[in-house]
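The numbering used here puts the first residue of the sequence shown at 1, with every later residue one more than the last.
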Amino acid sequence: MLTRLEIKDFALIEHALVLPGEGLNIITGETGAGKSILIDALGSVAGNRTSKDMVRSGRDKAMVEAVFAVDPGHIPADLSESLGLEDEPDIILSREISSNGKTTSRLNGRLVAAGVLRDLAPHLLDIHGQFDNQSIFRTDMHLSLLDRYGGPSMAARLESYDAIYASYANNLRAIRAAGGDPAERERRLDTLRFQLSEIEAVSPQPGEDDKLAKKRKVCANIAHILESLQESHQILAGDDETTAVAFLAMAETALEPAASGLEEAREALEAVRDARFGVEEAAVTLRRLMDTVEADPALLEKIDRRLDLLFRLKRKYGGTIEAVLSYAASAAEELDHAEQDRERLDRLQKEHDTLLIGLSEAARGLHNVRMSLADGLSRDICRELAALDMKNVRFEVSIQSAGDDPMPGRRGIDQVEFLISPNPGEPVRPLVRIASGGEASRIMLAIKTILADADQTPVLVFDEIDTGVSGRTAVRLGERLSMLASRHQVFCVTHLAQIASMADQHLLISKQTDGQATYTQLEMLHELERRGELARLLSGDSGRNEALVLAAQLREEAERFKSGRKKETPPS
1 MLTRLEIKDF
11 ALIEHALVLP
21 GEGLNIITGE
31 TGAGKSILID
41 ALGSVAGNRT
51 SKDMVRSGRD
61 KAMVEAVFAV
71 DPGHIPADLS
81 ESLGLEDEPD
91 IILSREISSN
101 GKTTSRLNGR
111 LVAAGVLRDL
121 APHLLDIHGQ
131 FDNQSIFRTD
141 MHLSLLDRYG
151 GPSMAARLES
161 YDAIYASYAN
171 NLRAIRAAGG
181 DPAERERRLD
191 TLRFQLSEIE
201 AVSPQPGEDD
211 KLAKKRKVCA
221 NIAHILESLQ
231 ESHQILAGDD
241 ETTAVAFLAM
251 AETALEPAAS
261 GLEEAREALE
271 AVRDARFGVE
281 EAAVTLRRLM
291 DTVEADPALL
301 EKIDRRLDLL
311 FRLKRKYGGT
321 IEAVLSYAAS
331 AAEELDHAEQ
341 DRERLDRLQK
351 EHDTLLIGLS
361 EAARGLHNVR
371 MSLADGLSRD
381 ICRELAALDM
391 KNVRFEVSIQ
401 SAGDDPMPGR
411 RGIDQVEFLI
421 SPNPGEPVRP
431 LVRIASGGEA
441 SRIMLAIKTI
451 LADADQTPVL
461 VFDEIDTGVS
471 GRTAVRLGER
481 LSMLASRHQV
491 FCVTHLAQIA
501 SMADQHLLIS
511 KQTDGQATYT
521 QLEMLHELER
531 RGELARLLSG
541 DSGRNEALVL
551 AAQLREEAER
561 FKSGRKKETP
571 PS
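So, in structure tokens, the structure goes:
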């Protein structure tokens with residue numbers, strides 16, 4: 001509940017400190033006193049749009065601070081954790097508005113974006129009367145309101161559906177992790193298979209390109225090599241007497257006489273003889289090479305083709321034979337893993353199909369229940385509206401599904417929208433387009449009354465709810481607000497005594513002037529003061545005896561109603 005509201009330099013309010021209580025908090029005041037300023041102030045800490053016009057004239061900034069006492073676990077766990085509210089007994093929302101239009105937002109004293117207040121506020125209060133900000137005008141809320149109407153039974157169904165959907169969502173994430181998009185995955189595998197096949201078809205060997213390059217060099221220079229072999233062989237052991245072998249033989253013959261008498265000459269003779277043997281052996285090798293080496297254009301072409309294949313592989317897969325082989329190994333490993341993933345993906349896909357069938361059945365079950373709930377909610381809302389002097393209003397709940405076989409989403413397959421026909425003979429149209437602020441507030445009051453047990457919003461604020469209402473309808477309106485206040489803290493701006501008489505706390509707003517400045521004053525009324533304010537609402541004069549008597553009667557009737565209501569067993 002809202003336990004404290006402090007306002008400084010906001011519009012006509014110079015400074016106000018409001019300590020509201022439980023139950024129904026009624027706000028009254030003369031026309032132009034600024035009753036709606038209090039609603040605007042609450043809207044500002046809820047993250048609603050503000051303007052520099054909200055700053056009191058002559059002041060630099062306005063400030064609004066609201067303190068809410070919340071039960072443990074009331075704020076959703078993920079939101080509470082993200083905002084650091086797990087161990088906070090109170091939630092303090094504050095907003096400063098500068099005279100230049102800029103704003104500063106705080107949550108429990110910490111600077112935050114205004115969006116944080118907007119995210120948190122719906123769990124704390126619901127303001128009805130500021131047309132653009134009413135939750136009933138948000139079509140995304142209509143489904144939640146319908147589901148709440150289903151009570152614990154529907155809540156159990158939704159919990160079961162959430163569990164099925166969570167399994168389905170986890171399965172989808174697992175499928176993406178196992179290979180992502182199946183078509184993209186198959187394209188990747190096809191590419192790997194082609195690349196691996198291309199490499200295996202060439203079957204490159206480590207160092208093969210270097211060896212082939214050397215061999216090609218030989219083949220390309222074969223004529224030059226043969227000429228060199230022939231020339232060398234001719235010099236060493238040709239047919240004439242000027243060869244190296246011939247000269248060595250002549251030197252050997254010339255040394256033999258000297259070798260017979262001198263030891264050193266014998267050693268020289270042996271060296272010459274060894275040289276001749278070596279040259280003769282070299283000449284034999286050269287002759288063999290000359291007989292075996294010959295030009296082979298076909299071999300050169302074959303080598304060139306092979307080198308070209310290797311070059312293409314190196315250009316595509318890494319620049320070297322070793323890099324090509326490494327890529328082939330990794331591609332083969334990826335394909336092997338892919339086959340294993342394919343088996344897992346097949347299992348996941350089968351699980352997906354089974355889960356989707358179960359999810360679709362659960363969504364269809366939700367749809368059927370919602371169709372039944374829609375009829376019941378429409379009847380109940382129309383009955384409540386009739387009691388609130390809106391007898392001719394026709395209210396319907398429209399449920400649409402996308403196609404014959406819609407894909408279930410996080411909340412099922414249904415799109416829910418509230419429709420209304422304010423006048424007989426007119427077709428129903430979307431509520432968000434045709435209801436006035438007062439009508440919408442009474443429709444929301446009807447919904448809140450019906451959903452009182454299921455609605456978890458602790459603070460409800462109603463403005464403009466009594467527009468066009470009087471007499472017995474006003475009494476019924478007050479009774480329903482009082483009933484609603486037994487389960488929520490309710491704030492209501494009204495100009496009707498029948499509604500104000502139901503107050504558990506009564507706040508009077510008045511406009512004062514000191515001759516130089518005008519300001520709005522807030523005052524919590526005691527019982528006698530309340531009767532005087534009721535008399536003013538009834539007759540325009542708080543001191544008229546007849547009005548005071550009627551005010552006292554209204555208070556007594558209101559207290560009897562509340563006393564009788566407390567004795568009743570609360571509806572389930």
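From the three backbone atoms N, C-alpha and C, an ideal C-beta is built for every residue, glycine too.
Would you identify the three-state DSSP class for residue i, choosing helix, strand or coil?
i           : result
residue 49  : coil
residue 9   : strand
residue 394 : strand
residue 234 : helix
residue 430 : strand
residue 85  : coil
residue 241 : coil
residue 512 : strand
residue 440 : helix
residue 409 : strand
residue 74  : coil
residue 623 : No answer is possible for residue 623: it lies beyond the span of the chain, which begins at 1 and ends at 572.
residue 609 : In this structure the chain extends from 1 to 572, so residue 609 is not present and cannot be described.
residue 16  : strand
residue 553 : helix
residue 195 : helix
residue 451 : coil
residue 227 : helix
Is the beta carbon of residue j closer than 8 Å to that of residue i?
i           : j           : result
residue 20  : residue 505 : yes
residue 494 : residue 28  : yes
residue 484 : residue 507 : no
residue 480 : residue 513 : no
residue 96  : residue 54  : no
residue 321 : residue 206 : yes
residue 352 : residue 171 : yes
residue 328 : residue 199 : yes
residue 234 : residue 290 : no
residue 432 : residue 139 : yes
residue 202 : residue 313 : yes
residue 548 : residue 531 : yes
residue 210 : residue 310 : no
Under DSSP, the beta strand (DSSP E) around residue i begins and ends at which residues?
i           : result
residue 25  : 24 to 29
residue 80  : Note, residue 80: premise wrong, no beta strand (DSSP E); alpha helix (DSSP H) at 77 to 82.
residue 66  : 61 to 69
residue 267 : Counting along the chain, residue 267 falls outside any beta strand (DSSP E), though it belongs to the alpha helix (DSSP H) covering 263 to 292.
residue 479 : It is not in any beta strand (DSSP E) - residue 479 instead sits in the alpha helix (DSSP H) that spans 471 to 485.
residue 208 : Unbroken run through residue 208 is the alpha helix (DSSP H), 208 to 220; no beta strand (DSSP E).
residue 116 : Element bounds for residue 116: not the beta strand (DSSP E) but the alpha helix (DSSP H), 114 to 120.
residue 522 : 518 to 524
Per the DSSP calculation, residue i is bridged to which residue(s)?
i           : result
residue 400 : 415
residue 128 : 462
residue 91  : 68
residue 97  : 62 and 103
residue 421 : 394
residue 491 : 25 and 461
residue 560 : Residue 560 pairs with nothing; no bridge assigned.
residue 110 : 107
residue 506 : 26
residue 202 : DSSP output for residue 202 lists no bridge partner at all.
Could you check where the alpha helix (DSSP H) with residue i kicks off and where it finishes?
i           : result
residue 381 : 321 to 387
residue 137 : Here residue 137 belongs to no alpha helix (DSSP H), and DSSP marks it neither H nor E.
residue 301 : 297 to 317
residue 538 : 527 to 539
residue 498 : 497 to 500
Where does residue i land, buried or exposed, given buried means 16+ other C-beta within 10 angstroms?
i           : result
residue 412 : buried
residue 10  : buried
residue 489 : buried
residue 80  : buried
residue 563 : exposed
residue 32  : exposed
residue 94  : buried
residue 68  : buried
residue 498 : buried
residue 390 : buried
residue 89  : exposed
residue 197 : exposed
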